[in-house]
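What follows is a set of notes on a single structure, which appears directly below.
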Amino acid sequence: MQPAFYRISPVNVSGEGANRLMIVLTTKGCEYAHNNDGGCTVCGFMNHAREDITDGEIVGQLEFAVDNLDLSGVKEVDLLTLGSFLNDREVSPEARSRLLGKLAGLPEVEVVSIESRAEYVSVEKLRQVRELLGGKMVDFGIGLESADDHVRNNIINKGLSRKAFERIVKQVKEAGCSLLVYLLIKPPGLSETEAIEDAVKSVDYVFEIARRCDVRARVAFEPVFICENTLLEKLFKDAKYRLVNLWSVVQIVKRVHGQGTVFIGLSDENLSRDRLPSSCDKCNSSIIRALEHYNFNQDISGLEALTCDCKSEYEKSLKGVRS
Ligand code: SF4
Ligand SMILES: [Zn+2]
């Protein structure tokens, strides 16, 4: 069985450019979304979920990728499920250990990232993941989305307190893992300018907590795209939400550059039907290329050199139109 989504793209691993395989495995889906009215307002993972999926089919998706893709140069694997990898009711302990065992057997892979909501995390489970990976570096990924409590819990419906997030950071440290924090760029209800400020402040918060807990941390930005069957899609169709302009993404990266490793997610996991952040037809692909380049080498010069006629229009439009 094929995974829900996979992509090989540039990434920076321990200061060196490399490739990463991002793979999203179809599972039963996110328990939090099941129990909370669809879960987070921007998330479309439930569109890929399959209630009757077996352990064999879950493991088979990773086997498909390992057997069929050219993984040379892939030093990082982001092993995503449609929810929480550490929730036994979404991924059984048996399936988890088979998946990690498969990755342990890939000698070129140095880092594996997994993702889970806070309620399923324990130091013991994280240590187990490390052991099953045979000593590879484990990046524990958590969707904080925003450091702002109102944005995170009232707008995105994340159901995550800062206290719980900070507890996780300490557990990650205790288990000897590193931290990967997902932050959204422009959740609904924020103007373009507010979204820029929200993203910058969120990065400040993440690296501050990581420093305080002495944990190695990375930030992965997810510029919001429109998924089917979400509250966000409804807002978008009612013209109550506008996608972020790629120039704002560039501005955010320039402002947070130097604080720590920052990655910009540029794929939609087959969920957006092309309703993705953009700028104009002339500069769209060059901005995406420059962001990919940044993901690879963390060198800001490519982003600083970007220019286009649409940029002055964009700058004029930053007047706080709420959408
Ligand atoms: S973002 Fe994560 S926690 Fe929220 S609904 Fe989607 S999978 Fe579940
Ligand atoms: Zn342009």
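Sequential numbering of the sequence shown, starting at 0, is according to numbering that gives the first Met the number 0. Ideal Cβ positions, reconstructed from N, Cα and C, are used throughout, including at glycine. For clarity, every value in this text was computed on a predicted model and none was experimentally measured.
A check of alpha carbon separations from Glu109 across Gly43, Asn11 and Cys29 identifies Asn11 as the nearest. Close CB contacts of Ala163 within its chain, under the 6 Å cut and outside five residues either way in sequence, are with Ala117 (chain order).
Taking all protein chains in view, the Cβ of Asp51 is surrounded by fewer than 16 other Cβ atoms within 10 Å, so the residue is classified as exposed.
For Ile7, the CB contacts under 6 Å within the same chain, skipping 5 residues up- and downstream, are Asn18 and Leu20 in chain order. By the neighbour-count criterion, in which a residue is buried when 16 or more other Cβ atoms sit within 10 angstroms of its Cβ, Gly142 is buried. Between Phe224 and Ser271 the beta-carbon gap is near 4 Å, inside 8 Å, which marks them as a contact.
Ranked by Cα distance from Pro187, the options Leu81, Ser13, Pro106 and Val243 are led by Val243.
Closer than 7 Å to some heavy atom of ligand 2: that does not describe the Cβ of Ser311. Leu231 has its alpha-carbon roughly 22 Å from the corresponding atom of Ser83. Around the beta carbon of Lys239, fewer than 16 other beta carbons sit within 10 angstroms, so the residue counts as exposed.
Rounded to whole angstroms, the separation of the alpha carbons of Leu290 and Cys282 is 12 Å. Less than 8 Å divides the Cβ of Phe262 from the Cβ of Arg217. When the alpha-carbon of Tyr119 is set against those of Leu275, Ala3 and Ser91, the nearest one is in Ser91. Per DSSP, the unbroken beta strand (DSSP E) holding Ser8 starts and ends at Phe4 to Val12. Taking a contact to require three or more Cβ pairs closer than 8 Å, the stretch 62 to 71 and the stretch 248 to 260 do not qualify as touching. Relative to Leu70, the option among Phe44, Tyr5 and Leu24 whose CA is nearest is Tyr5.
The beta carbon of Leu132 is closer than 7 Å to those of Leu99, Leu102, Ala103 and Val111 in its chain, skipping five residues each way along the sequence.
By the rule of a C-beta closer than 5 Å to any heavy atom of ligand 1, the residues picked out are Cys29, Tyr31, Ala32, Gly38, Cys39, Cys42, Phe44 and Gly82. In terms of Cβ geometry, Lys253 and Glu303 form a close pair [threshold 8 Å]. For Arg166, the closest of Lys135, Ile208, Glu114 and Arg49 by C-alpha to C-alpha distance is Ile208. Taking the Cα positions, Lys318 is about 22 Å away from Ser201.
The bridge partners DSSP lists for Gly59 come to none.
Taking all protein chains shown into account, Ser13 has fewer than 16 neighbouring C-beta atoms within 10 Å of its C-beta and is therefore exposed. Spatial neighbours of Val171 in its own chain (CB-CB distance under 6 Å, excluding positions within 5 residues in sequence) are listed in chain order as Phe139, Leu178 and Val214. The shortest CA-to-CA distance from Ile155 to any of Met136, Glu130, Ala174 and Ile184 is the one to Ile184. Here Ala194 has Ile184, Lys185, Pro186, Val243 and Ser247 as same chain residues with Cβ atoms under 8 Å from its own Cβ, once five neighbours each way along the sequence are excluded. Secondary structure note for Asp197: its alpha helix (DSSP H) is the uninterrupted segment Glu191 to Cys212.
In the DSSP annotation of this structure, the continuous segment of the beta strand (DSSP E) that includes Asn18 starts and ends at Glu15 to Val23. Residues Ile7, Asn18, Arg19, Leu20, Glu107 and Val108 of the same chain have their beta carbon placed closer than 7 Å to that of Val73, with the five preceding and five following residues left out of the count. Between Ala174 and Val249, the gap from beta carbon to beta carbon reaches 8 Å or more. One Cα belongs to Cys212, the other to Asp203, and the distance between them is close to 14 Å. Look at Ser278: its beta carbon is less than 7 Å from one of the heavy atoms in ligand 2.
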